[in-house]
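Working notes for the structure below.
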Amino acid sequence: MSDEVSDNNEGTGTNSVPGAPARRSLRDRMADASSRSRSSLTEDYVGDSTSLTSTSLNAITSLSEFSQTFSVGAEGVSQTSQVAPISATISTSAPARSIDEAAASEHHLLLLADEVDPLEIEALALSIWDEARWEGAGQLHLVGEARLVGPWSIDATLRKTLKTPASLTNVWVLECPKSRRNPVDPQLAVLDEWASVFPDGVPVGLEYRILTALKRMARRLGGAVRVADSGKMIAPDPDSAVSLTVYTPRWLDPEDLLNLLKPHFPQLTDSRQIATPAPQSAQQMVQKNAAITAEPGTIRTDIATKIAKARELAEKTAKEVGATPEVVAGYALVTPIANRSDLMIEVEPIPRPPQVLRWESWTTGVIIEYHLKWLPAGMLEPPTGVSRTARLERMRSSRDIEKVAEIIVTAVGGSVIDEDGFLVGLVDDTAIE
1 MSDEVSDNNE
11 GTGTNSVPGA
21 PARRSLRDRM
31 ADASSRSRSS
41 LTEDYVGDST
51 SLTSTSLNAI
61 TSLSEFSQTF
71 SVGAEGVSQT
81 SQVAPISATI
91 STSAPARSID
101 EAAASEHHLL
111 LLADEVDPLE
121 IEALALSIWD
131 EARWEGAGQL
141 HLVGEARLVG
151 PWSIDATLRK
161 TLKTPASLTN
171 VWVLECPKSR
181 RNPVDPQLAV
191 LDEWASVFPD
201 GVPVGLEYRI
211 LTALKRMARR
221 LGGAVRVADS
231 GKMIAPDPDS
241 AVSLTVYTPR
251 WLDPEDLLNL
261 LKPHFPQLTD
271 SRQIATPAPQ
281 SAQQMVQKNA
291 AITAEPGTIR
301 TDIATKIAKA
311 RELAEKTAKE
321 VGATPEVVAG
331 YALVTPIANR
341 SDLMIEVEPI
351 PRPPQVLRWE
361 SWTTGVIIEY
371 HLKWLPAGML
381 EPPTGVSRTA
391 RLERMRSSRD
401 IEKVAEIIVT
411 AVGGSVIDED
421 GFLVGLVDDT
431 AIE
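All letters in the sequence shown, in the order written, are residues 1 to 433 by UniProt numbering.
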């Protein structure tokens, strides 16, 4: 046995076997690898023979262009340099190619402008689905068997055939299994957006969920959805998403929120004060009781006594409640905004966060929702048709609502979500500490 083998056996505590190779620990090999310069990696290093498989140190040390790799051969262990395939990134996009008419007509299309980056589409998809990921260049997996493939370009001739807007020249093709139900009666189809563009049967299941999500994405990105069956377009107005919602773990009492916002919106009022009817005067109550006493009808004496006791109990309870601070599970504040609109701020705790905030650590505790709801011209719901004057009113309302959201986020932190469930970045956004 050679002295080299004997020294190795003494260090490892193994019995010496004639002809057995000397073994070196992974720690020793890593130490040796880190001491060698990168230039020396171009030369093969032949060490003691071993039965271990090839081991790359790229993931253990650092991500770099080179990977220090041990290879086992007949001559022993050799250390070589090579590009580490694990460090390679997946290309998420490819140059836009022209789409043919057959492919464009057979699939639902997400139409976008050239300025929209594929990473923006990925971000919105991740806000909706946990499974969203890139499968390759221009292949964005959404959920289940649905994915978007693109971007494709539309030339002027095909754009005229498909009747798509000239500003939306980038196309993403939706690959998704079709699932339809029976057609809706034509007289009722005009009342439903999807029934009007699917005359042969409204989509259900996965196809319906994907299409509604694409509509949300189209509104956020200023795009449109072209339906394959009828060739009709669904182009939501990007400016129609006016209402915002702030999610935070911090609760503000009605008085605190009033004091916070009144310097900017002096007419802000607690909705409970608006809904409370004006109390009757003492003279009105006496006259009302006298009228009841004058014509008792069939009321028995015991019933009249119960009514009197109930009235006394109600008056006593009202005095006690007036002296004790009211504890509420939710409340709403109302203020005029813009020229003719109103803003309702609805505050309440919610049991679970919206999908886009599912990975935020603070959402495992208390979640408070501040819903900033736009009420145009005193209406409970926004109108479907918007005139030029109404568009200007909507723009002013949107500006005021964003200001309220900024004030609330500055005070309590959290995140702002739009009507479609996507994150909104504000100038004064503050992170949860």
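Even glycine gets a Cβ: it sits at the ideal position worked out from N, Cα and C. Remember, it's a predicted structure, so these values are computed and weren't measured experimentally.
Contact belief for residue i with residue j at Cβ below 8 Å, rounded distance in angstroms
i: D239; j: M395; result: 7 Å
i: A137; j: E175; result: Going by Cβ atoms, the distance from A137 to E175 rounds to 15 Å, so no, they are not a contact pair.
i: S127; j: G421; result: 7 Å
i: L148; j: V173; result: 7 Å
i: A96; j: W152; result: 6 Å
i: S415; j: Y247; result: 5 Å
i: L211; j: V225; result: 7 Å
Beta-carbon proximity of residue i to residue j, cut-off 9 Å
i: P203; j: K178; result: yes
i: V251; j: P183; result: According to the sequence shown, residue 251 is Trp rather than Val. No.
i: V356; j: L423; result: yes
i: L140; j: P118; result: yes
i: I417; j: T245; result: yes
i: L112; j: A218; result: yes
i: E109; j: T164; result: Note that residue 109 corresponds to Leu in the displayed sequence, not to Glu. In contact: L109 and T164 (Cβ atoms closer than 9 Å).
i: L261; j: T335; result: yes
i: M369; j: E346; result: A quick correction: the sequence has Glu, not Met, at residue 369. It is a contact, given that the beta carbons lie within the stated cut-off.
i: V116; j: G205; result: no
i: residue 438; j: D237; result: Look at the range of the chain in this structure, 1 to 433, and you will see that residue 438 is not part of it.
i: G201; j: R181; result: yes
i: W362; j: P249; result: yes
i: S397; j: P376; result: yes
i: R358; j: D130; result: yes
Residue i, DSSP secondary structure in three states
i: I367; result: strand
i: L188; result: helix
i: S243; result: coil
i: W362; result: helix
i: A218; result: helix
i: T164; result: coil
i: I154; result: coil
i: D270; result: strand
i: G205; result: helix
i: I99; result: coil
i: D400; result: helix
i: L114; result: Note that residue 114 is Asp in the sequence shown, not Leu. Reduced to three states, the DSSP call for D114 is coil.
i: T317; result: helix
i: E131; result: coil
i: T335; result: strand
i: L343; result: strand
i: A146; result: strand
i: T248; result: strand
i: S49; result: For S49, the predicted structure reports a pLDDT of 39, less than 50, and the residue's modelled location is therefore unreliable. The matter cannot be settled from this model.
i: D44; result: Interpretation of D44 is limited by its pLDDT of 42, a score under 50 that renders its predicted location unreliable; the figure taken from the coordinates is listed afterwards. Here D44 sits in coil by DSSP.
i: V416; result: strand
i: P263; result: coil
i: S386; result: Residue identity differs from the one stated: residue 386 is Val in this sequence, not Ser. It is coil, neither helix nor strand.
i: A224; result: strand
i: R352; result: coil
i: K178; result: coil
i: residue 472; result: Here the chain has residues from 1 to 433 only, and residue 472 is not among them.
i: K373; result: strand
i: L357; result: helix
i: L109; result: strand
i: L423; result: strand
Identity of the residue in the options nearest residue i by Cα
i: S341; options: Q267, L110, K309, I307; result: Q267
i: T364; options: P354, K306, L372; result: P354
i: H371; options: W359, E419, P336; result: E419
i: W374; options: W359, S387, D400; result: D400
i: T169; options: S98, V286, M233, E207; result: S98
i: I274; options: L333, D253, A290, G222; result: L333
i: V412; options: R133, I210, R388, I367; result: I367
i: E120; options: K309, S243, R220, Q287; result: R220
i: E101; options: V171, A123, W129; result: V171
i: G231; options: R159, V286, Y247, R272; result: R159
i: I337; options: S105, L392, A224; result: L392
i: A235; options: K306, R216, E312, G150; result: R216
i: H107; options: K306, P376, V227, W359; result: V227
Proximity test, Cβ basis, 9 Å: residue i and chain C
i: V242; result: Of the protein chains in this structure there is only one, and it is not chain C.
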